[in-house]
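A.B. asks: Chains A and B, in that order, give the protein sequences. The numbering used here puts the first residue of the first sequence at 398, with every later residue one more than the last. The numbering used here puts the first residue of the second sequence at 398, with every later residue one more than the last. Backbone N, C-alpha and C define an ideal beta-carbon position, used for all residues, glycine too. Nothing here was measured: the structure is a model prediction, and the numbers come from that model.
Protein chains: 2
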Amino acid sequence: MVKRRGKTIATKFINLDDHKRRKILNAAFREFAEKGFEQASTNVIVKEARIGKGMLFYYFKNKQGLYEYLIEYTLDVIMKDYLQRIDPSERDFIKRFKHAARVKMKAFLEHPDLFRFSGTFMLDQESIPDRLKPRMEQLQEMGNKIMYENIDYSLFRDDVDVEKAFRLIRWAIEGYQNEMKQRLDGANFATLDFDPYWKEFDEYLDVLRKSFYS
Amino acid sequence: MVKRRGKTIATKFINLDDHKRRKILNAAFREFAEKGFEQASTNVIVKEARIGKGMLFYYFKNKQGLYEYLIEYTLDVIMKDYLQRIDPSERDFIKRFKHAARVKMKAFLEHPDLFRFSGTFMLDQESIPDRLKPRMEQLQEMGNKIMYENIDYSLFRDDVDVEKAFRLIRWAIEGYQNEMKQRLDGANFATLDFDPYWKEFDEYLDVLRKSFYS
DNA sequence: AATTAAGTTGACCAGGGTGGTCGAAAGGGA
DNA sequence: TCCCTTTCGACCACCCTGGTCAACTTAATT
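#1: Applying a beta-carbon distance threshold of less than 8 Å, which residues of chain A neighbour A407 of chain B?
#2: Can you tell me whether T471 of chain A is buried or exposed, with buried defined as 16 or more other CB within 10 angstroms of its CB?
#3: Got a sec: does the ligand PLP put a non-hydrogen atom nearer than 6 Å to the Cβ of A430 of chain B?
#4: Applying the criterion that 16 or more other CB atoms from any shown protein chain within 10 Å of the CB defines a buried residue, is E428 of chain B buried or exposed?
#5: Let me confirm a value: S611 of chain A is counted as buried when at least 16 other C-beta atoms fall within 10 Å, else exposed. Which label applies?
#6: Taking 7 Å as the CB-CB cut-off, is K607 of chain B touching chain A?
#7: How would you list, in chain order, the residues of chain A whose beta-carbon sits under 8 Å from the beta-carbon of V557 of chain B?
#8: Which residues bound the alpha helix (DSSP H) around I421 of chain A?
#9: Which of the residues in the stretch 511-533 of chain B, read from start to end, lie with their CB under 7 Å from any CB of chain A?
#10: For N541 of chain A and K578 of chain A, what's the separation of their Cα atoms in angstroms?
#11: Per DSSP, what kind of secondary structure is V399 of chain B in: helix, strand or coil?
#12: Assign H416 of chain A to buried or exposed, taking buried as 16 or more other Cβ atoms, counted over all protein chains shown, within 10 Å of its Cβ.
#13: Tell me, please, whether the CB atom of Q461 of chain B is closer than 7 Å to any CB atom in chain A?
#14: Give a yes or no on whether the C-beta atoms belonging to I475 of chain B and L529 of chain B are separated by under 7 Å.
#15: At 4 residues or longer, what runs of the alpha helix (DSSP H) sit wholly inside the stretch 539-590 of chain B?
#16: Find out if the Cβ-Cβ distance for the pair N575 of chain B, D510 of chain B is shorter than 7 Å.
#17: Is DSSP giving Y479 of chain A helix, strand or coil here?
#18: What does Y601 of chain A touch in chain B if you count any residue whose Cβ is under 7 Å from its own?
#19: Determine whether the Cβ of Q436 of chain A lies closer than 7 Å to any Cβ atom of chain B.
#20: Run through chain B and tell me which residues come within less than 8 Å of Q579 of chain A, C-beta to C-beta.
#21: Output the boundary residues of the alpha helix (DSSP H) element that contains L453 of chain A.
#22: Can the beta-carbon of Y466 of chain A be found closer than 7 Å to that of F434 of chain A?
#23: Closer than 6 Å by C-beta to K420 of chain A: which residues in its own chain qualify, once you throw out the five before and the five after it? Chain order, please.
#24: Tell me whether S551 of chain B is buried or exposed, calling it buried when 16 or more other Cβ atoms sit within 10 Å of its Cβ.
#25: L480 of chain B and M539 of chain B - do their beta-carbons sit closer together than 7 Å?
#26: Tell me whether F553 of chain A is buried or exposed, calling it buried when 16 or more other Cβ atoms sit within 10 Å of its Cβ.
#27: Check each candidate in B:Q436, B:N585, B:D414, B:F494 and name the one with the smallest Cα separation from G546 of chain B.
#28: Can a CB atom of chain B be found closer than 7 Å to the CB of A569 of chain A?
#29: What are the residues that DSSP puts in a beta bridge with Y610 of chain B?
#30: Using a beta-carbon distance cut-off of less than 8 Å, what residues from the stretch 427-458 of chain B approach chain A?
#31: I'd like to know whether the C-beta atoms of V500 of chain A and R482 of chain A end up nearer to each other than 7 Å.
#32: How close, in whole Å, do the beta carbons of E571 of chain B and G516 of chain A come, if the pair is a contact with beta carbons under 8 Å?
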């Protein structure tokens, strides 16, 4: 097979068996998430993935190629396993967020390393290669639509600016999630019972509902 | 002068003239903040501080010594230029936070690199050397006291859990601040007019007041 | 069985960066 | 002059870098 330029580059990698592919992906996600592009080491990646050095450059043309593949892959997963699973027909803002939080957590548990990696380039647009910026912007636009479109404004108290309430609620929820992330750092998710945390989460949402809704 | 063990180590550095001392501190703050302890490079620090390589190890006994000095210095500044300037006699929770936000911003503008550095070890207790952990905990305790003690609970609506409201308000404010930090990333603070941002901030606080207070 | 192709390895490369040392020089006060 | 403090950057031995490549194994095809 002749390598056509562009898309066909990583075919070898894609056709790998699932187990090995995931090991390489996760090793790379972790290393890039922890150290960033320049400081990340391909040697560390191959060692953790338990493959020979040469294979990485057999699958990808170089470090940059691997990095771009990871971003592209990440955008796809976030779209498919997170955004598209959110129910945008729910017109109650808090309920939609509540549902989204569950979906997000489920996606995170399926791809924890990928999500940690995503956090490193979502904020910092500069670290994204130009050819992926449009897809990135498209994703953000999609995210905004799915979270904020077709909300029932009439549920809110009429003495507060609804747009401001949106953001305050979002910040509050993100704050709770960050605190959880920190509190559960290093815990074994597989054996962890999330029910009490969801219960606590819902209690906070109830406070928000009482406060911002009429 | 004989070097006694412990405290006297960095005397040479402390007696430096202000300009040079600050250049070294800021260079080190930036490097450690950006790369973390292991990945940070003493070569980069001396180059940015425009001093010879030897000087760094003349002032500090080694990389670790420099790092610990930075943490100690940071804890002192946060205590003196931030926490201790907050007015704990204000019993209105939102007003106290409002005031604290101003104080914090002022302190940040005085020591931007130091505050960025502080963010890297405040969350991750593991990165702090044992001998500084007590001071760290003391600072956090102090912070909690100053922010949450002697609050007038009666201002809150009586149908919401006040402790939960505390956290929700804190998260909301931190969310706003993070968004600002990101929106103003790279801006020139010296020439920037903060008034419109403070106005917007106060508008958000008003929404919180309307929502959580009776 | 023989041939070809695809997959896999790790030693190896040149280059550069690491924390830290040290001899030399400069400065300054007596 | 002497002596002590301060300053520099070349230098050290070592480690790690992204990437290559000849050699080897495995699988498929004839």
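C.D. replies: In brief:
#1: By one-based count along the second sequence, residue 407 of chain B stands at place 10. Result: empty, since nearest Cβ-Cβ is about 29 Å, beyond 8 Å.
#2: Position 74 of the first sequence, counted from the first residue, corresponds to residue 471 of chain A. Looking at its Cβ environment, which holds 16 or more other Cβ atoms inside 10 Å, T471 of chain A is buried.
#3: As presented, the structure is devoid of all ligands, the ligand PLP included, so that no description of it is given.
#4: Mapped onto the second sequence, residue 428 of chain B falls at position 31. Of the other Cβ atoms in all chains shown, 16 or more fall within 10 Å of the Cβ of E428 of chain B; this residue is therefore buried.
#5: Stepping through the first sequence from its first residue, residue 611 of chain A is reached at position 214. Answer is exposed; the Cβ neighbour count stays below 16.
#6: By one-based count along the second sequence, residue 607 of chain B stands at place 210. For K607 of chain B, the answer is yes, since a Cβ of chain A falls inside 7 Å of its Cβ.
#7: Position 160 of the second sequence holds residue 557 of chain B. From the beta-carbon of V557 of chain B, the residues of chain A found nearer than 8 Å are V604, K607, S608.
#8: Counting from one through the first sequence, the residue named residue 421 of chain A turns up at place 24. Its alpha helix (DSSP H) spans residues 415-436.
#9: Residues of the stretch 511-533 of chain B with a Cβ closer than 7 Å to any Cβ of chain A, in chain order: L520.
#10: The residue given as residue 541 of chain A occupies position 144 in the first sequence. The residue given as residue 578 of chain A occupies position 181 in the first sequence. When rounded, the distance between both Cα atoms is 23 Å.
#11: Here residue 399 of chain B refers to the residue found at position 2 of the second sequence. Because the pLDDT at V399 of chain B is just 36, under 50, the model does not fix this residue reliably, and the value given afterwards should be weighed accordingly. In the three-state reduction of the DSSP assignment, V399 of chain B falls in the coil class.
#12: Residue mapping note: residue 416 of chain A aligns to position 19 of the first sequence, counting from 1. With fewer than 16 other Cβ atoms inside 10 Å of its own Cβ, H416 of chain A counts as exposed.
#13: Here residue 461 of chain B refers to the residue found at position 64 of the second sequence. Answer no: the Cβ-Cβ gap between Q461 of chain B and chain A never drops below 7 Å.
#14: By one-based count along the second sequence, residue 475 of chain B stands at place 78. By one-based count along the second sequence, residue 529 of chain B stands at place 132. For I475 of chain B and L529 of chain B, no; Cβs fall outside 7 Å.
#15: Entirely contained in the stretch 539-590 of chain B, the alpha helix (DSSP H) runs reaching 4 residues are, in chain order, 559-580.
#16: In the second sequence, counting from the first residue as 1, residue 575 of chain B sits at position 178. In the second sequence, counting from the first residue as 1, residue 510 of chain B sits at position 113. For N575 of chain B and D510 of chain B, no; Cβs fall outside 7 Å.
#17: Looking up residue 479 of chain A in the first sequence gives position 82. Three-state DSSP puts Y479 of chain A in coil, outside helix and strand.
#18: Numbered from its first residue, the first sequence carries residue 601 of chain A at position 204. In chain order: K561, L565.
#19: Position 39 of the first sequence holds residue 436 of chain A. Output row for Q436 of chain A: interface = yes.
#20: Here residue 579 of chain A refers to the residue found at position 182 when the first sequence is read from its first residue. Under the 8 Å cutoff, chain B gives L520.
#21: Position 56 of the first sequence, counted from the start, is the residue given in the question as residue 453 of chain A. Looking at the DSSP string, the run of the alpha helix (DSSP H) that includes L453 of chain A is 450-456.
#22: Along the first sequence, one-based indexing puts residue 466 of chain A at 69. Along the first sequence, one-based indexing puts residue 434 of chain A at 37. No, Cβ-Cβ distance for Y466 of chain A and F434 of chain A is not below 7 Å.
#23: For this step, residue 420 of chain A is matched to residue 23 along the first sequence. Within the same chain, Cβ atoms closer than 6 Å to the Cβ of K420 of chain A are found at A446, the five residues on either side in sequence being excluded.
#24: Stepping through the second sequence from its first residue, residue 551 of chain B is reached at position 154. With fewer than 16 Cβ atoms within 10 Å of its Cβ, S551 of chain B is classed as exposed.
#25: Taking the second sequence and counting its residues from 1, the one referred to as residue 539 of chain B is at position 142. Taking the second sequence and counting its residues from 1, the one referred to as residue 480 of chain B is at position 83. Closer than 7 Å, so yes.
#26: Here residue 553 of chain A corresponds to residue number 156 of the first sequence, with the count starting at 1. F553 of chain A counts as buried, since no fewer than 16 other beta carbons sit within 10 angstroms of its beta carbon.
#27: On the second sequence, residue 546 of chain B is found 149 positions in, with the first residue counted as 1. According to the sequence displayed, residue 546 of chain B carries Glu and not Gly. For the residues B:Q436, B:N585, B:D414, B:F494, the minimum Cα distance to E546 of chain B belongs to B:F494.
#28: Here the question's residue 569 of chain A lines up with position 172 in the first sequence. At a cut-off of 7 Å, the C-beta of A569 of chain A has a neighbouring C-beta in chain B.
#29: Here residue 610 of chain B is taken as the residue at index 213 of the second sequence, counted from 1. According to DSSP, which records beta bridges pairwise, Y610 of chain B is partnered with B:F553.
#30: Correct list: K432, Q436.
#31: By one-based count along the first sequence, residue 500 of chain A stands at place 103. By one-based count along the first sequence, residue 482 of chain A stands at place 85. A contact, by the Cβ cut-off of 7 Å.
#32: Position 174 of the second sequence, counting from 1, holds the residue named residue 571 of chain B. Position 119 of the first sequence, counting from 1, holds the residue named residue 516 of chain A. About 17 Å; that fails the 8 Å criterion.
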